[in-house]
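Going by my numbering, 178 is the number at position 177 of the sequence shown; the sequence numbering is gapless.
Cβ coordinates follow ideal geometry from the N, Cα and C atoms, glycine included.
So the structure is just underneath, and the comments pick up after that.
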Amino acid sequence: LRLETFLRRSIEKDEVFLNYQPQVEIDTGRLVGVEALVRWNHPELGPVPPVRFIPLAEDTGFINQLGKWVLFEACRQMVRWQADGLYVPKIAVNLSAKQFERGSIVNMVSAILRETGLEPQRLQLEVTESVIMNTGDALVFINDLHSIGVGLAIDDFGTGYSSLAYLKQLPVQTLKIDRSFIKDISTDPNDEAIAIAIIQLGKSMNLSVIAEGVETEEQAAFLLRHGCYLAQGYYYSRPVLSGDLLTRWRPKP
Ligand code: G
Ligand code: G
Ligand code: NA
Ligand code: MN
């Protein structure tokens, strides 16, 4: 209950901020995008991990306020990086199922895009398979988002109640291979088979595929060999502050 009270005030007290994790093209190392990841640092409790406060935010409804804050901050940061000389092609932002229940998510997203001036094509919303399967009107909202030009990625792909049927109904552009399949990719034949199957599925449905949780050069080489060209993970970079992204990726004059 105390955590909930603290969480409700976290935005106004300026305790939440975003980290950004680079997404790269494996063979060139080129930055193709970033994923925004919310962080909460409470003055007494210290850093509270997202796995603790995101479920709490979802259960209490606070996720609607938090999700809106995250989206605005992420879009605004894209415009700021550009002004500072770093063009980040895309930003991925995670959405919870609860954020679809309110209806009119498309109104919130388009208002934020208008306010910040970010092109809709540069925003990619990430939802998990369970969000899609458990949200009655997900198909409607996702089609609405598509109609204003925003991209959609399926997060943690392969771990949900995958009904492959939704893939052909949805205007999805990207599959994110869950990091649990990447971890032992070159030693566990099952993980290897699953990763290869997802890459093939993406290819045949004309979707881009990105591997999450890439931690070693071997994993990256394996992915490239099997036709997965994009990756995100500690091997490239941990999630970092906006200023650190500039330092590492802004072209040197
Ligand atoms: O960055 P980290 O591994 O600690 O994130 C843990 C979980 O929290 C991940 O599943 C991630 O998707 C989720 N998460 C991080 N930021 C956000 C956010 O802004 N909104 C939602 N809904 N989930 C987030
Ligand atoms: O559920 P989602 O895919 O949004 O979760 C992203 C989370 O994965 C982030 O919280 C991030 O901190 C974490 N993460 C990113 N790269 C790696 C990695 O290479 N290894 C591990 N173990 N976690 C990672
Ligand atoms: Na996610
Ligand atoms: Mn994600």
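Query: Let's see if you can read the secondary structure: which residues bound the beta strand (DSSP E) around E36?; Result: L32 to H43
Query: In chain order, which continuous runs of the alpha helix (DSSP H) of length 4 or greater are located wholly inside the stretch 204-242?; Result: 218-226
Query: For V71, tell me which candidate among E120, E16 and P44 has the shortest Cα-Cα distance.; Result: E16
Query: Closer than 7 Å: is that where the CB of R77 sits relative to any heavy atom of ligand 2?; Result: no
Query: Looking at ligand 4, does it come within less than 7 Å of D179, judged from the CB to the closest heavy atom?; Result: no
Query: Can the beta-carbon of L211 be found closer than 8 Å to that of T248?; Result: In the sequence under discussion, the amino acid at residue 211 is Ile, which differs from the Leu named in the question. It is not a contact, given that the beta carbons lie outside the stated cut-off.
Query: Mind checking who G118 pairs with in its DSSP beta bridge?; Result: BP columns for G118 are empty, so no partner.
Query: Going by C-alpha distance, which of G62, I199, E120 and F63 is nearest V151?; Result: E120
Query: Anyone know if the C-beta pair for V89 and L153 falls short of 8 Å?; Result: no
Query: Name the DSSP beta bridge partners of P23, please?; Result: V35
Query: Under a CB-based cut-off of 8 Å, is D179 close to chain C?; Result: Among the protein chains of the structure shown there is no chain C, as only one such chain exists.
Query: Using the Cα positions of L2 and R115, report the straight-line distance between them to the nearest angstrom.; Result: 37 Å
Query: Based on Cα-Cα distance, which residue from L8, M109, D60 and I199 lies nearest to T160?; Result: I199
Query: Can we count Q233 as close to ligand 2, meaning its CB is less than 7 Å from some heavy atom?; Result: yes
Query: For S235, does the count of other Cβ atoms within 10 angstroms reach 16, so buried, or fall short, so exposed?; Result: One detail in the question is off: residue 235 reads as Tyr in this sequence, not Ser. Answer is exposed; the Cβ neighbour count stays below 16.
Query: Mind checking which residues open and close the beta strand (DSSP E) that includes A84?; Result: Note, A84: premise wrong, no beta strand (DSSP E); alpha helix (DSSP H) at I64 to A84.
Query: Is the beta carbon of D189 closer than 8 Å to that of N95?; Result: no
Query: Would the stretch 223-234 and the stretch 50-63 be scored as touching if the rule is three or more Cβ pairs under 8 Å?; Result: no
Query: Rounded to the nearest angstrom, what separates V52 and L38 at their Cα positions?; Result: 12 Å
Query: Beta-carbon within less than 7 Å of F54's beta-carbon, same chain only, minus the 5 sequence neighbours each way: which residues are those?; Result: L8 and W41
Query: Going along the chain, which unbroken runs of the beta strand (DSSP E) with 3 or more residues stay wholly within the stretch 133-174?; Result: 152-158
Query: Put P190 into one of helix, strand or coil per three-state DSSP.; Result: helix
Query: Between the Cα of S205 and those of E13, C229, D185 and I183, spot the shortest distance and give me the residue it belongs to.; Result: C229
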